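Protein chains in written order, with this note's numbering: chain B, 910 to 1041; chain C, 13 to 438.
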């Protein structure tokens, strides 16, 4: 039963989550139709290691979305607790690419990450679920 | 006839008891995710210690030698009777066997062990310190621990010929001890604080800097206290090679069953993960307050205290550039951390009773029963859920934990006082 759980969860989240194997990359569509591509600096993703993510935000035509501000929250719904750290976007090293620092996960299981995205006066959001 | 009826009546009960008590059969091989989890717990998966960018002396052998002397020296206390080793006793895996520590006075928290502590990014049960050297300094200025105060520590370093030589070989010159009183500290009593205020700011800095270096030497010493290889590690490595559940005599049947529960239905591995059996983080598991104590706010207060600590990674005595202080910069806070305490590692856990932040539980059986019940938390909410485990299964979990016993992987010299025949330096 246990060994079937990751497969079941992967199938469950397949519509919203693309898992690129060893690259630990995710891709999600935001509320307003932009695409958020996520690359982990830690590959494969593992618990108990501080690392960074690169967030690439593009619009429906593939053009970079620049000047966005991010608020990153999350946690483990099954355990009623949040992230062990407070990740922050600290730089936009190239147009539409944002450096998210301070990412760490401390338990195996299902994680939910919620991205609050502010573009000028507009608010956008995206959520990501994955099994670790 | 009556006997036959009695036998017929008892048979279902006996069958039920056999079903209840008989151990569940073990499979021949671990499932792949289980084998991966077991391998992740092996000491073979423990990486070498990362450098501590906040402590330039962290891996300096001379600093470790100085730190060892300081660790065992009771002159680093207000009454000349309490050393770090008074509570962190090497023969007890660097714990003291007491529910609550007793230093120069009655303490407030249970003494945690030090084996492998250098791997932790946070220190104290509530994570109130974020560097190992900052942790080492805190008891020296806490009146019920050692309480000597920073000027007394620096005077000792400057006036003891051996300390002075060792210190100056590693760091720089010490401040002139004739220029400041024995008792001067911003953390001490009224007189010590008044003496501290009267000092020139430059001298205050020099004293605090030398004091910080004493902490860095103590941290360098504690980086030598590494965990040893256990029976479990041999078993885990064998599982990684062939996946078989039975590995000769490495673990017995109950230990294997306990391991299966540990990584499965017991949910233990959720927090007690990685080769040190800890995620180094903070969780509220509904531990009741110690007798006569208010419930501890835990990490809710701890992260605030760590940020305020002048000896943290971002402080002026740190050797790290700010961009390397990731744990502190990205530490989270908030109400959710109320009542959360640090996950202790489990290597040698069977040798270090009592348990929890004020030694609330005298035995591992009590700890495991607590997690079976998962009571409502006094503060915040209990992250743990009740466990559907039998008494026998709890016992198997406890038996498994015995397989985590081992002597530290440290040369003998690091595990004993440098002062011969137990005599104190004077």
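No residue lacks a Cβ here, since even glycine has one placed at the ideal position from N, Cα and C.
Since the model is a prediction, treat every value here as computed from it, not as a measurement.
From 122(C), 286(C), 204(C) and 24(C), residue whose alpha carbon lies closest to that of residue 55(C) = Your numbering for residue 55(C) matches position 43 in the second chain. For the residues 122(C), 286(C), 204(C) and 24(C), the minimum Cα distance to residue 55(C) belongs to 286(C).
task = Could you say which of 394(C), 102(C) and 91(C) lies nearest to residue 236(C) if we only look at CA atoms?
result = To locate residue 236(C), count along the second chain from 1; it is residue 224. Nearest C-alpha to residue 236(C): 102(C).
request  = Flag residue 326(C) as yes if its beta-carbon sits less than 7 Å from any beta-carbon of chain B, otherwise no.
outcome  = Locating residue 326(C) in the second chain gives position 314, where the first residue counts as 1. Judged by the 7 Å Cβ criterion, residue 326(C) is not in contact with chain B.
Burial state of residue 347(C), where buried means 16 or more other Cβ atoms lie within 10 Å = Taking the first residue of the second chain as position 1, residue 347(C) is located at position 335. With fewer than 16 other Cβ atoms within 10 Å, it is exposed.
task = Would you kindly report the start and end of the unbroken beta strand (DSSP E) that includes residue 936(B)?
result = Position 27 of the first chain holds residue 936(B). Taken as a continuous stretch (DSSP letters only), the beta strand (DSSP E) holding residue 936(B) covers 934-938.
query = Which same chain residues, not among the five before or five after residue 108(C), have their C-beta less than 7 Å away from its C-beta?
reply = Here residue 108(C) refers to the residue found at position 96 when the second chain is read from its first residue. 99, 101 and 123.
query = Under 8 Å Cβ-Cβ, which residues of chain C neighbour residue 1017(B)?
reply = As a first step, residue 1017(B) is located in the first chain; it is residue number 108 there, counting from the start. Those are 49, 281, 282 and 285, listed as they occur along chain C.
ask   = Do the segment 353-362 of chain C and the segment 148-155 of chain C meet, that is, are 3 or more Cβ pairs less than 8 Å apart?
value = no
task = Answer with yes or no whether the minimum CB distance from residue 993(B) to chain C is below 7 Å.
result = Position 84 of the first chain holds residue 993(B). By this cut-off, residue 993(B) is an interface position.
inquiry  = Quick check on residue 25(C): does DSSP put it in helix, strand or coil?
reply    = Looking up residue 25(C) in the second chain gives position 13. Under the three-state reduction of DSSP, residue 25(C) is assigned to helix.
Members of the segment 287-300 of chain C that neighbour chain B once the beta carbon cut-off is set at 7 Å = 291, 292 and 293
ask   = Listing by chain order, which chain C residues have their CB less than 8 Å from the CB of residue 1022(B)?
value = Sequence index remark: in the first chain, residue 1022(B) carries index 113 (1-based). Simply none; closest approach about 14 Å.
request  = Identify, in the order they occur along the chain, each residue of the same chain with its Cβ nearer than 7 Å to the Cβ of residue 370(C), setting aside the five sequence neighbours on each side.
outcome  = Numbered from its first residue, the second chain carries residue 370(C) at position 358. Here the set comprises 111, 112, 121, 122, 302 and 305.
key: Cut-off 7 Å between Cβ atoms - residues of its own chain near residue 334(C), not counting five sequence neighbours on either side   = On the second chain, position 322 is the one that residue 334(C) refers to. So the list reads 326, once near-sequence residues are dropped.
key: Contact set between residue 341(C) and chain B, taken where Cβ atoms lie within less than 7 Å   = As a position in the second chain, residue 341(C) is number 329, starting the count at 1. The contacting residues are 1011.
Contacts of residue 393(C) in chain B (Cβ-Cβ under 8 Å) = Indexing the second chain from 1 puts residue 393(C) at position 381. Correct list: 989.
query = Going straight from the alpha carbon of residue 1043(B) to that of residue 94(C), what length do you get?
reply = Here chain B has residues from 910 to 1041 only, and residue 1043(B) is not among them.
inquiry  = Taking DSSP's pairing of strands, which residues face residue 1010(B) in a bridge?
reply    = The residue labelled residue 1010(B) in the question sits at position 101 within the first chain. Note: residue 1010(B) sits in a beta bridge opposite 997(B).
task = Report the three-state DSSP secondary structure of residue 968(B) (helix, strand or coil).
result = Counted from its first residue, the first chain places residue 968(B) at position 59. Note: residue 968(B) maps to coil in three-state DSSP.
message = Counting only Cβ pairs nearer than 9 Å, list the residues of chain C close to residue 956(B).
response = Position 47 of the first chain, counted from the first residue, corresponds to residue 956(B). Simply 52, 285, 286 and 291.
ask   = Using the rule of at least 16 other Cβ atoms within 10 Å of the residue's Cβ for burial, across every protein chain shown, is residue 62(C) buried or exposed?
value = The residue given as residue 62(C) occupies position 50 in the second chain. Classification of residue 62(C): exposed, given that the 10 Å Cβ count is below 16.
request  = Find the nearest neighbour of residue 211(C) within the set 374(C), 392(C), 191(C) and 39(C), judged by alpha-carbon distance.
outcome  = Working through the second chain from its first residue, we reach residue 211(C) at position 199. For the residues 374(C), 392(C), 191(C) and 39(C), the minimum Cα distance to residue 211(C) belongs to 191(C).
query = In whole angstroms, what is the alpha-carbon distance linking residue 159(C) and residue 91(C)?
reply = If you number the second chain from 1, residue 159(C) lands on position 147. If you number the second chain from 1, residue 91(C) lands on position 79. Rounded to the nearest angstrom, the two C-alpha atoms are 8 Å apart.
inquiry  = Please report the distance separating the alpha-carbon of residue 417(C) from that of residue 934(B).
reply    = The residue given as residue 417(C) occupies position 405 in the second chain. The residue given as residue 934(B) occupies position 25 in the first chain. Each residue's alpha carbon lies about 39 Å from the other.
query = Per the contact definition of three or more C-beta pairs closer than 8 Å, is the segment 167-181 of chain C in contact with the segment 135-151 of chain C?
reply = no
query = In three-state DSSP terms, what is residue 154(C)?
reply = One-based indexing of the second chain puts residue 154(C) at position 142. Residue 154(C) falls in the coil class under three-state DSSP.
key: Members of the segment 304-330 of chain C near chain B, C-beta cut-off 8 Å   = Of all residues in the segment 304-330 of chain C, none comes within less than 8 Å of chain B when Cβ atoms are compared.
query = With 16 as the cutoff for other CB atoms within 10 Å, does residue 69(C) come out buried or exposed?
reply = Here residue 69(C) refers to the residue found at position 57 of the second chain. With 16 or more Cβ atoms within 10 Å of its Cβ, residue 69(C) is classed as buried.
7 Å CB neighbourhood of residue 420(C) in its chain, flanking five on each side removed = Numbered from its first residue, the second chain carries residue 420(C) at position 408. Within the same chain, residue 420(C) has close Cβ partners 127, 237, 238, 239, 240 and 427.
key: Environment of residue 930(B) [buried if 16+ CB atoms lie within 10 Å]   = Taking the first residue of the first chain as 1, we reach residue 930(B) at position 21. Residue placement at residue 930(B) is poorly supported in this model, since its pLDDT is 37, which falls under 50; the coordinates still yield a value, given next. By the neighbour-count rule (16 or more Cβ atoms within 10 Å), residue 930(B) is not buried but exposed.
query = Since residue 53(C) contacts residue 268(C) with CB under 8 Å, what's their CB separation in whole angstroms?
reply = Locating residue 53(C) in the second chain gives position 41, counting from the first residue. Locating residue 268(C) in the second chain gives position 256, counting from the first residue. About 14 Å separates the two Cβ atoms, so there is no contact after all.
query = Within 10 angstroms of its Cβ, does residue 20(C) collect 16 or more other Cβ (buried), or is it exposed?
reply = The residue labelled residue 20(C) in the question sits at position 8 within the second chain. It is exposed - the Cβ of residue 20(C) has fewer than 16 other Cβ atoms within 10 Å.
query = Does the Cβ-Cβ distance between residue 1004(B) and residue 1027(B) come in under 7 Å?
reply = Numbered from 1 along the first chain, position 95 holds the residue referred to as residue 1004(B). Numbered from 1 along the first chain, position 118 holds the residue referred to as residue 1027(B). No, these two residues do not count as a Cβ contact at 7 Å.
request  = State buried or exposed for residue 228(C), treating a residue as buried only when at least 16 other CB atoms are found within 10 Å of its CB.
outcome  = Start at 1 with the first residue of the second chain, and residue 228(C) comes out as number 216. With 16 or more Cβ atoms within 10 Å of its Cβ, residue 228(C) is classed as buried.
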